[in-house]
Every structure is written in C-alpha cells, then in structure tokens.
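When you line the sequence shown up against the working numbering, it's residues 18 to 268, in that order.
Data first, discussion second: the structure below is written as structure tokens.
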Amino acid sequence: LLTSQSQTSIGEDYDKMLAEVDKQAGKIIESINGQLSGYNSCNIAVAIVAEADMAVSSSRPNIYSPGIPDAFRENYLASIQFLKKVAVYCPQTLQKEFQDSEAVQTFLKRWNLTVYHSLRFQDIAGTFEKHIAGREAALNEKGNPFHLSAANILFECLYKCFAKEVFLPSLANKFCRLSYQLVSRFHVWVKDGLSKRRDVAKRDGSQAVKDFWVNLSTDELVLLVNDLKLFSSKVSVDLKQRVTDALQDLD
Numbered sequence: 018l019l020t021s022q023s024q025t026s027i028g029e030d031y032d033k034m035l036a037e038v039d040k041q042a043g044k045i046i047e048s049i050n051g052q053l054s055g056y057n058s059c060n061i062a063v064a065i066v067a068e069a070d071m072a073v074s075s076s077r078p079n080i081y082s083p084g085i086p087d088a089f090r091e092n093y094l095a096s097i098q099f100l101k102k103v104a105v106y107c108p109q110t111l112q113k114e115f116q117d118s119e120a121v122q123t124f125l126k127r128w129n130l131t132v133y134h135s136l137r138f139q140d141i142a143g144t145f146e147k148h149i150a151g152r153e154a155a156l157n158e159k160g161n162p163f164h165l166s167a168a169n170i171l172f173e174c175l176y177k178c179f180a181k182e183v184f185l186p187s188l189a190n191k192f193c194r195l196s197y198q199l200v201s202r203f204h205v206w207v208k209d210g211l212s213k214r215r216d217v218a219k220r221d222g223s224q225a226v227k228d229f230w231v232n233l234s235t236d237e238l239v240l241l242v243n244d245l246k247l248f249s250s251k252v253s254v255d256l257k258q259r260v261t262d263a264l265q266d267l268d
C-alpha cells in the first residue's frame, strides 16, 4: 500500500491500511476478539500497529522530520488518530496494555516532540525577545488593543502557544510553561524599565538618553498602566478560553 513515491497524506495512507485490514480480516478479527479474553486479545491491535510502523518508517521516513514544524504536527496528529482507530480492535479493559505495548511505544518514539517544541519555542519566544531587546518597543495613543507594542506582541505570542496550528496535547505542559515564561519575561522587562526611568530621573532629569523607558512622559505612563490592567483582564478571559479550548483534546 505504501511507496516512497506516495503523493497522498500520511493520514490517507493510514485510512487505506485500516480499510484493507477490515476488508481482508474484519470479520475474522471480530470473531477472534469475541472468543478470546485476557492479554491475548490485544495481539491483533498490536500486530496492526507493528506492521504499519514498519511500512511507514521504511517507505516514508521523512514524515518524522520536525524540520518543517507545520508538516510534522499534521503527520503526528494523523498518526495519533491512527492509533485511536486501531485501539478499537482491543477490548476496553486492555487499552492500557495496548498503549504500553512495545509496538505502540516504538511507533510513538519515532516522533521527536522535543525538537518540535524547541523550534516552536525559538519562534515564539524569539519574536517577543527580539521586540523588547531592540528599539522596537513603542507606545501608540490608539490601542490595538494595547497601547504598548510589546503587550500586543506578547499577547499574540501567548495566543500562538495554544493555536490549533501549533499546540500539541502531548506537549501541553511545555506550552503552558512557555506561556508562563513569556508573561514572567514581560513582567521583568516592565519592572526593570520603570526602575531605569526612576533612576535616571533622580540622577539628572535633563539628561538626554535614547531609551524607550527613560523618555516616557507622564501621559504615556498612564497609558501603560491602563494596558497592564487590560492585559490582566484579557488573560483572565480571552486567553483562559483559548487555553481551555486547546486542552479539551487531552486524554
């Protein structure tokens, strides 16, 4: 069923495999599962996974590469969906044995989720860090929704952590940790910036310094305070809903 020249998605290939299994042995498998009990009842499901793993890894090894995160994520989710479909061949009482089987564990270990998360981390955290580390930070009187550009970038990054195109249930703890790190970094940046502004004002209020924080006016500080209040509100409502939606697929 599989060749290295296949033009179909891996999800379609998995569906073809299962359709072929059902066509050639569906009734036999149903009969066997109806008669056997105990651990042996999982052998059929385990065998299907083992054969599929062998076929896919030999004919389409490129699907495991996290170098293109979007493609990797799509292929990984298709593979997880395949496991869920195969699991129906195993009695409900033996699902844990199925998940812990050598075949399933080998199948899952081919997916380097650590590298995938690392690439997403570099993209998301790097975008925010670049903005606050350089001279890109600015305040705009017309908030969209925030006046502070860094707050807008931060909220976009937080949303991206839990976007359907990025988030993986298997990495929920890591993406949650990344979101905490982003907020913590923002907090430190704001705190340090306000301290710098205060210190410079004490030394020489007339000294010209090319720095975002030092040159903030009183009116701009008011906008900043309003932004922080709005940020807290949007995290509690909008981001919370975003996270809830992302986590609903957790087993």
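Backbone N, C-alpha and C fix where the C-beta goes; we use that ideal spot for every residue, glycine too.
These figures come from a predicted structure and were not determined experimentally.
- Taking the Cα positions, A64 is about 10 Å away from E119.
- Per the C-alpha coordinates, the member of K126, G143, P186 positioned closest to E173 is G143.
- In the assembly as shown, S196 is a buried residue. Its beta-carbon has 16 or more other beta-carbons within 10 Å.
- Apart from sequence neighbours up to five positions away, the residues of its chain that approach R214 with a beta-carbon distance below 7 Å are W230, V231, L233, ordered along the chain.
- Taking C-alpha positions only, L211 is separated from V242 by approximately 11 Å.
- With contacts defined as CB atoms closer than 8 Å, F179 and V260 qualify as a contacting pair.
- The stretch 119-133 makes contact with the stretch 64-82, as at least three CB pairs between them are under 8 Å.
- Taking the CA atoms as reference points, N79 sits about 9 Å from F89.
- If you look at I85, you'll find it isn't in any alpha helix (DSSP H); DSSP assigns it neither H nor E.
- CA-CA distance, A72 to F203, rounds to 47 Å.
- Under the 8 Å Cβ criterion, the stretch 127-141 does not count as touching the stretch 150-159, having fewer than three qualifying pairs.
- For the set G84, R77, P108, the Cα lying nearest the Cα of S96 is the one of R77.
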